[in-house]
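Here is the structure we will look at, set down as structure tokens.
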Amino acid sequence: MNTTKLVITTLATCLFVFSACDKKPSEQLIADVVETKAKYAVLVNDIHSPFWSAVMEGVNDAKNELNLDLVAQGTPAADQSEEQLNLCEAMELTKPDVFIVAAVNHTNLLPCLRQASTRGALIIDLDGNLDFDISKEADVNLALRVASDNYEIGRMAANFLSDISGKVLVIEGVPGSIPSEKRVAGFIDHNQSLDVIASLNANWDRQKAADIANDALVANPDLKVIYAANDGMALGALQSVKAQQRDDILIVGVDGTADAVNAVKAGELAASIAQLPYLMGKTSVETAHRKLSGMELPQITHVPIITLDKETLTQKNNELLQYLR
71 MNTTKLVITT
81 LATCLFVFSA
91 CDKKPSEQLI
101 ADVVETKAKY
111 AVLVNDIHSP
121 FWSAVMEGVN
131 DAKNELNLDL
141 VAQGTPAADQ
151 SEEQLNLCEA
161 MELTKPDVFI
171 VAAVNHTNLL
181 PCLRQASTRG
191 ALIIDLDGNL
201 DFDISKEADV
211 NLALRVASDN
221 YEIGRMAANF
231 LSDISGKVLV
241 IEGVPGSIPS
251 EKRVAGFIDH
261 NQSLDVIASL
271 NANWDRQKAA
281 DIANDALVAN
291 PDLKVIYAAN
301 DGMALGALQS
311 VKAQQRDDIL
321 IVGVDGTADA
331 VNAVKAGELA
341 ASIAQLPYLM
351 GKTSVETAHR
361 KLSGMELPQI
371 THVPIITLDK
381 ETLTQKNNEL
391 LQYLR
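Under the working numbering, read the sequence shown as residues 71 to 395, first letter to last.
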């Protein structure tokens, strides 16, 4: 846009909207990019995991359907907070109008997002790992969140297991991960029939989860249930259950990944509380596009979740099953 066009555009905007010239930086940038093609940046965690691969598929489908200028990147593995910050800072150099981020934890990206906020970028939290209050204190204008209700995921897991009694092992994700904390809290708060013997961090790592499950099975031969905060860790626990020939153990994971769905069909996992990551990724981009178009949106958009067990997977009329990847 040349200087003359910029002046005319700004003047027209000020005349059309009573207080346009008094807008906050993020509001003014949104008004400006309506006249041009906005630049979108999407940054996720552990791009090679089945969950985040499905998220990226949804992001790219939305990009193509809406014909957007969008770049998406992610760390090569989980729990790489510094590496993710470096990626964020590199993306910030391109001055995207929209920043959709799935942070490793609630603080690691704040320095980068503060800079994006200063120039008025629309910042969207993907998957619920940023805190609105903490972000505000760090001068980050976090506008929206698109995520599953992670506390509800934990409640649904507890409800699925409500008829089971005995000992349960809980396997958590990375310390400080808000989704992990809420999935565990929802489960603990609503569990009424199981005795929690331990709740341990496996850092979203399949092998660490296998080791934790192995130790728990040795120390607690009467263990009945394992609840893991994601499917990768649930499948890691399954390795140890198989190795010890304990097919009586019920394992529940979270995410609804393809490997977990296959394990449910095979009777190896009892269930996966599915987040529908493809839908989450697609919805995050669509939400950003609507916001830039001037639509009034709720601060938090919760993506549907579903308990996937053998019975659910055979339902022909369940529309949510189309989003499994």
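We put the CB at the ideal spot given by N, CA and C, even for glycine.
Sequence-distant residues of the same chain with beta carbon closer than 7 Å to residue i, five excluded per side
{"i": "A279", "result": "I241, A272, A298, M303, G306, A307"}
{"i": "S235", "result": "S263, L264"}
{"i": "D102", "result": "Note that D102 has pLDDT 48, beneath the 50 cutoff, so the model's placement of it is unreliable and no number is given."}
{"i": "N261", "result": "A228"}
Endpoints, beta strand (DSSP E) assigned at residue i
{"i": "S342", "result": "341 to 344"}
{"i": "D265", "result": "264 to 271"}
{"i": "Y393", "result": "Where Y393 is concerned, there is no enclosing beta strand (DSSP E), given that its DSSP letter is neither H nor E."}
{"i": "A304", "result": "That residue, A304, is in no beta strand (DSSP E); its alpha helix (DSSP H) goes 301 to 313."}
{"i": "L239", "result": "236 to 242"}
{"i": "V324", "result": "320 to 325"}
{"i": "V168", "result": "168 to 171"}
Where the alpha helix (DSSP H) through residue i begins and ends
{"i": "R215", "result": "Taken as a continuous stretch (DSSP letters only), R215 belongs to no alpha helix (DSSP H), being part of the beta strand (DSSP E) at 212 to 217."}
{"i": "Q385", "result": "Note, Q385: premise wrong, no alpha helix (DSSP H); not H, not E."}
{"i": "V334", "result": "328 to 335"}
{"i": "L196", "result": "Counting along the chain, L196 falls outside any alpha helix (DSSP H), though it belongs to the beta strand (DSSP E) covering 192 to 196."}
{"i": "Q46", "result": "An answer regarding residue 46 cannot be provided, because it is not within the stretch 71 to 395 covered by the chain."}
{"i": "Q277", "result": "276 to 289"}
{"i": "L155", "result": "151 to 162"}
{"i": "A148", "result": "Premise fails: A148 is in no alpha helix (DSSP H) and is neither H nor E."}
{"i": "N229", "result": "220 to 230"}
{"i": "D233", "result": "Neither: D233 is in no alpha helix (DSSP H) and is coded neither H nor E."}
{"i": "E207", "result": "202 to 207"}
Neighbourhood of residue i by C-beta distance below 6 Å, restricted to the same chain and skipping five residues each side
{"i": "C140", "result": "As written in the sequence, residue 140 is Leu, which differs from the Cys given in the question. For L140, where only same-chain residues beyond five positions count, the Cβ hits under 6 Å are Y110, K133."}
{"i": "A173", "result": "L179, N199, L200"}
{"i": "H359", "result": "L136"}
{"i": "C158", "result": "L113, L179, C182"}
{"i": "A124", "result": "P347, Y348, R395"}
Test item: CB-CB of residue i and residue j under 8 Å
{"i": "V168", "j": "L362", "result": "yes"}
{"i": "L183", "j": "Q154", "result": "no"}
{"i": "I170", "j": "I194", "result": "yes"}
{"i": "S342", "j": "D301", "result": "yes"}
{"i": "Q120", "j": "A328", "result": "According to the sequence displayed, residue 120 carries Pro and not Gln. In contact: P120 and A328 (Cβ atoms closer than 8 Å)."}
{"i": "L239", "j": "A208", "result": "no"}
{"i": "V244", "j": "D149", "result": "yes"}
{"i": "A268", "j": "A255", "result": "no"}
{"i": "I319", "j": "V311", "result": "yes"}
{"i": "N156", "j": "K237", "result": "no"}
{"i": "S205", "j": "L212", "result": "yes"}
{"i": "D275", "j": "H372", "result": "no"}
Reduced DSSP category for residue i - H, G, I as helix; E, B as strand; rest coil
{"i": "A132", "result": "helix"}
{"i": "H260", "result": "helix"}
{"i": "T357", "result": "helix"}
{"i": "I296", "result": "strand"}
{"i": "D116", "result": "coil"}
{"i": "Q143", "result": "strand"}
{"i": "L109", "result": "Here residue 109 is Lys; the residue named in the question, Leu, does not match the sequence. Three-state DSSP puts K109 in a strand."}
{"i": "L367", "result": "coil"}
{"i": "L378", "result": "strand"}
{"i": "L76", "result": "Caution applies to L76, whose pLDDT of 32 falls short of 50 and renders its modelled position unreliable; the model cannot decide the point."}
Separation of residue j from residue i, as counted between CA atoms
{"i": "I248", "j": "D203", "result": "13 Å"}
{"i": "D131", "j": "L214", "result": "21 Å"}
{"i": "K252", "j": "V216", "result": "15 Å"}
{"i": "S250", "j": "P374", "result": "18 Å"}
{"i": "V129", "j": "Y221", "result": "24 Å"}
{"i": "C147", "j": "V114", "result": "Residue 147 is actually Ala in this sequence, not Cys. Taking the straight line joining both Cα atoms gives about 10 Å."}
{"i": "I376", "j": "G190", "result": "36 Å"}
{"i": "L192", "j": "L390", "result": "29 Å"}
{"i": "L349", "j": "E162", "result": "26 Å"}
{"i": "Q392", "j": "L293", "result": "35 Å"}
{"i": "Q314", "j": "M126", "result": "36 Å"}
Close Cβ partners of residue i (< 8 Å) along its chain, the five nearest in sequence each way excluded
{"i": "D401", "result": "Past the edges of the chain, shown from 71 to 395, lies residue 401, and the structure says nothing about it."}
Closer than 7 Å: residue i CB and nearest the ligand ZN heavy atom
{"i": "L163", "result": "No copy of the ligand ZN appears in this structure; indeed no ligand is present at all."}
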